[in-house]
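Taken in sequence, the protein lines are chains A and B.
If you use the numbering used here, the first sequence corresponds to residues 1 to 411, in order.
If you use the numbering used here, the second sequence corresponds to residues 1001 to 1229, in order.
C-beta atoms are modelled at their ideal positions from N, C-alpha and C, and glycine is treated no differently.
A short worksheet on the structure shown next.
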Amino acid sequence: MFDIDRWREIFQSISKNKLRSVMSGFTVAFAILLFTLLFGVVTGLSNSFSDAFADDAQNFMSVRVWRTSKPFKGLQTGRRIQLKNKDFDFVKEEYDSNIQHLTARINKNVNISYKNKQDNYSLQAVHPDHQFLEKTIIDEGRYINNRDLIEKAKVIVIGRLVKQDLFGELPAIGKRVNVSGISYQVVGVFSDEGGDNEERKTFMPVTTAQMIYGNNDNLSQIVIGYDPKLSLDEAIAFGNKMERDLRKKLDIHPDDQSALSIQNMAEANKGVGTFVIALYFIVIFIGSGTLIAGIIGISNIMIFVIKERTKEFGIRKALGAQPSSIVGMVVQESVLITTIAGYIGLSLGTYILSLESLNKTLAEYFIKDPSVSPSIIIGATVTLIVSGLIAAYVPAKIAAKIKPIVALRAD
Amino acid sequence: MIEIKKLHKSYPIGKDKLHVLKGIDLHIKEGEFVSIMGSSGSGKSTLLNIVGLLDEHDEGEYYLNGQLIDNLNEKKAAILRNKFLGFVFQSFNLISYKTALENVALPLYYKGMARKERLKIAMEYLEKVELGPWANHLPNELSGGQKQRVAIARALVTQPKVVLADEPTGALDSTTTDNVMDLLRDINNEGMTVFVITHEEEVAEQTKRVVRLKDGVIISDELTKTKTI
Ligand SMILES: Nc1ncnc2c1ncn2[C@@H]1O[C@H](COP(=O)(O)OP(=O)(O)OP(=O)(O)O)[C@@H](O)[C@H]1O
Ligand SMILES: [Mg+2]
């Protein structure tokens, strides 16, 4: 089907009729440009949403307690609920099959000093699994391990910024810091993608904290990473069941949110998922509108172009051109223009989306890394080529049917 | 070559019909040089367009090169036009964005000839009409006479059996008119059938046979007395 002469005819017709070609190309390029930008921005928005949760593991689930807000079984409102080791063990045994990671947490604010430097930091006493749930990245040394738990070791893992505050550029691993009057050995330095606050934290074994702060078996929170094989709905159901079971176990009214609640990432993810899907629907709607406008634009121009060329077609037919050759020529020309113009629009769009300065501005509007996925690009391009084909085929077919004598009289 | 029997053609005008050709009988043999004369609106162009397969007749029979022309589709008509017919129009009908040479080569493109060969042949024909130096000029850079010579070269390039010319000199002054007529006569001398419409007696006199039309019928059909060579 490759006909060098046909292409020569087409290139000549395009280059000798620049205005016409540029006009039809412009419509398409503009439509595709808008389409690309639109999709890019939406991708950016949804990136921001998924990022907002990237700090913690996606299967994150946490049990928190406070005071009761409803009387239950003769117990007063305002009773303080306290999680204990036995609750932790209950969760561990009862839901083992649904759990990937499990840790308790004791939250404290502590003063840490090293030599003449000191400041207040938040401390979390945890189990080793905590590392995976908070997505803690170990830069140096190690995290809390099981041996620390058993030995109730006085070891501490400090955030990157804590290390900077206290040690500057000097090594911290193996050094001893003073935490509210007691000496701990630094065994690890970590960083976290969740931002500066996360890197001002410190971690120690949960057993050590229980021994030092009150010698009890109190826990502030239980944090769970549910089995990632669970679907969102299954994970939500799991969370709800655990919430009911724990309330029952701790003599809390079954509906008392204030006393005990489970924060479940699965629910948030489901919400975000729905939101992003809704966003994409809106965009597909507007995006196809833009494309349709582009298609209508090029159809109009093709109709105009073909009208303008009717006489030329008459001449060609008088010289022996068959209708199919005229239709083929026009369609091929239109497809070529749409393809090139579409490509230009697309490249321009992706270029704009990749501009550094623009991205900085957009980031302030909650749009992160706007980009267009290849499948959408291919889809849009194919749509355009096909529409360029149809936009040209219909009027060209009609024009080619005109009797040559009528076409020759056209002006 | 061209045989027409009781040919009728009418155009619809609103609900009515305008009966333009009312039973034409005409036989043109190969190698003839025929002109048609008649007042404006007498149906000359209509007849020529039917002969040239640019339009269709309503009634009667038309044989081109022995082949009955009846219900041709556009594709078959295009093939026949390309093979047997060459056109010269009053308004030249050159393609404005193509050079003189490319215009002349176009019918060969539709014949399926390779580019190199068709440009070579087109150049020969341009030289024949003495426009070799103008080969790479666009039509709007040429005078009326030059344009018509390009059109003639284009009509001849496929070596058709019949050249049809509708007032080829209508837009030209007397010198260029003579020029064009000399060309057509040369063609005829080479054996091609030439069929010309004209308003001018001087032009008709240079052909070998004059057919006169009036109100859609042939009123006279005679050989010219003086044959110039
Ligand atoms: N497409 C058409 N539709 C309707 N009427 C037409 C059409 N073409 C020609 N006619 C009419 O048919 C008649 C003959 O037209 P034609 O063009 O054959 O005349 P002609 O002899 O060539 O005249 P002229 O010398 O002015 O060129 C005219 O009255 C014209 O108005
Ligand atoms: Mg006429």
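Considering only C-alpha positions, which residue in the set the options is nearest to residue i?
| i | options | result |
| --- | --- | --- |
| Ile1002/B | His1008/B, Leu1048/B, Met1113/B | Leu1048/B |
| Asp119/A | Arg309/A, Glu199/A, Val162/A | Val162/A |
| Thr266/A | Ala391/A, Lys229/A, Thr350/A, Ile344/A | Residue identity differs from the one stated: residue 266/A is Ala in this sequence, not Thr. Measuring from the Cα of Ala266/A, the nearest candidate turns out to be Lys229/A. |
| Ile377/A | Leu358/A, Ile405/A, Pro370/A, Tyr343/A | Tyr343/A |
| Thr383/A | Glu199/A, Pro370/A, Ile292/A | Ile292/A |
| Asn216/A | Ile10/A, Lys86/A, Phe203/A | Lys86/A |
| Ile224/A | Ala278/A, Arg105/A, Ile81/A | Arg105/A |
| Glu1032/B | Lys1076/B, Arg1209/B, Asp1221/B | Arg1209/B |
| Leu1054/B | Phe1092/B, Gln1090/B, Arg1081/B | Arg1081/B |
| Lys84/A | Gly25/A, Lys92/A, Ile10/A | Lys92/A |
| Lys950/B | Glu1190/B, Ala1171/B, Ile1095/B, Ser1091/B | Outside the displayed range of chain B (1001 to 1229) lies residue 950/B, so it cannot be described from this structure. |
| Gly59/A | Ile10/A, Arg80/A, Ala235/A, Val110/A | According to the sequence provided, residue 59/A is Asn. The question's Gly does not apply to it. Checked all of Ile10/A, Arg80/A, Ala235/A, Val110/A; the closest Cα to Asn59/A is Ala235/A. |
| Arg1185/B | Ser1035/B, Tyr1110/B, Thr1158/B | Ser1035/B |
| Lys18/A | Asp196/A, Glu333/A, Gly74/A | Glu333/A |
| Glu1127/B | Glu1074/B, His1019/B, Val1104/B, Leu1021/B | Val1104/B |
| Leu1101/B | Ala1122/B, Glu1117/B, Phe1092/B, Gly1112/B | Ala1122/B |
| Asp369/A | Ser375/A, Thr381/A, Leu353/A | Leu353/A |
| Asp227/A | Leu170/A, Ser261/A, Leu133/A | Leu133/A |
| Arg309/A | Ile262/A, Ile222/A, Lys249/A, Arg409/A | Arg409/A |
| Thr124/A | Thr103/A, Tyr114/A, Thr77/A | It is Gln, not Thr, that sits at residue 124/A in the sequence shown. Of the candidates Thr103/A, Tyr114/A, Thr77/A, the one whose C-alpha sits nearest the C-alpha of Gln124/A is Thr103/A. |
| Trp66/A | Ile337/A, Asp192/A, Arg6/A, Arg247/A | Arg247/A |
Using a beta-carbon distance below 9 angstroms, is residue i in contact with chain A?
| i | result |
| --- | --- |
| Gly1236/B | No statement about residue 1236/B is possible, as the shown extent of chain B runs from 1001 to 1229 and does not include it. |
| Arg1209/B | no |
| Gly1216/B | no |
| Leu1018/B | no |
| Pro1316/B | Here chain B covers residues 1001 to 1229 and nothing more, so residue 1316/B does not appear. |
| Tyr1011/B | no |
| Tyr1062/B | no |
| Lys1075/B | yes |
| Pro1139/B | no |
| Arg1154/B | yes |
| Thr1193/B | no |
| Glu1102/B | yes |
| Tyr1249/B | This structure cannot speak to residue 1249/B, because chain B is shown only from 1001 to 1229. |
| Phe1197/B | Here residue 1197/B is Ile; the residue named in the question, Phe, does not match the sequence. Taking Cβ atoms only, chain A never reaches closer than 9 angstroms to Ile1197/B, which makes this a no. |
Determine, using beta carbons only, whether residue i and residue j come nearer to each other than 9 angstroms.
| i | j | result |
| --- | --- | --- |
| Asp245/A | Thr208/A | no |
| Val330/A | Ile306/A | yes |
| Gly1052/B | Lys1214/B | no |
| Ser288/A | Ser387/A | no |
| Ala392/A | Lys311/A | no |
| Ala1151/B | Pro1168/B | yes |
| Thr36/A | Gly345/A | yes |
| Gly1216/B | Gly1023/B | yes |
| Tyr184/A | Ile138/A | no |
| Arg64/A | Ser231/A | no |
| Asn1065/B | Phe1084/B | yes |
| Val187/A | Gly168/A | no |
| Glu1056/B | Ile1004/B | no |
| Tyr1110/B | Ser324/A | no |
| Gly379/A | Phe30/A | no |
| Asn1179/B | Arg1149/B | yes |
| Phe49/A | Val372/A | no |
Kindly say whether residue i, judged by its beta-carbon, lies nearer than 9 angstroms to any beta-carbon of chain B.
| i | result |
| --- | --- |
| Pro395/A | no |
| Asn17/A | yes |
| Ala400/A | yes |
| Ser324/A | yes |
| Glu356/A | no |
| Gly328/A | no |
| Met1/A | Only weak support exists for where Met1/A lies, its pLDDT of 48 falling under 50; the value from the coordinates is given anyway. So, not an interface residue. |
| Ser46/A | no |
| Gly320/A | yes |
| Ile10/A | no |
| Asp369/A | no |
| Pro404/A | yes |
| Leu384/A | no |
| Trp7/A | no |
Chain A contacts made by the segment 1078-1089 of chain B, where a contact means CB separation under 8 angstroms: Listed by position along the chain: Ala1078, Ile1079, Arg1081, Asn1082, Lys1083, Phe1087, Phe1089.
Contact residues within the segment 286-318 of chain A, judged by C-beta distance below 9 angstroms to chain B: Within the segment 286-318 of chain A, the residues whose Cβ lies closer than 9 angstroms to some Cβ of chain B are Lys311, Glu312, Gly314, Ile315, Arg316, Lys317, Ala318, listed in chain order.
Residues, ordered as in the chain, of the segment 333-347 of chain A that lie near chain B by beta-carbon distance below 8 angstroms: So nothing in the stretch comes that close.
Neighbourhood of ligand 1 [Cβ distance below 5 angstroms to any heavy atom], ordered by chain position: Qualifying residues, in the order they occur: Tyr1011/B, Val1020/B, Ser1040/B, Gly1041/B, Ser1042/B, Gly1043/B, Lys1044/B, Ser1045/B, Thr1046/B.
Contacting positions in the segment 12-43 of chain A - beta carbon closer than 8 angstroms to chain B: Within the segment 12-43 of chain A, the qualifying residues are Gln12, Ser13, Lys16, Asn17.
Residues, ordered as in the chain, of the segment 1043-1056 of chain B that lie near chain A by beta-carbon distance below 7 angstroms: For the segment 1043-1056 of chain B, which is checked against every Cβ of chain A, the residues closer than 7 angstroms are Asn1049, Leu1054, Asp1055.
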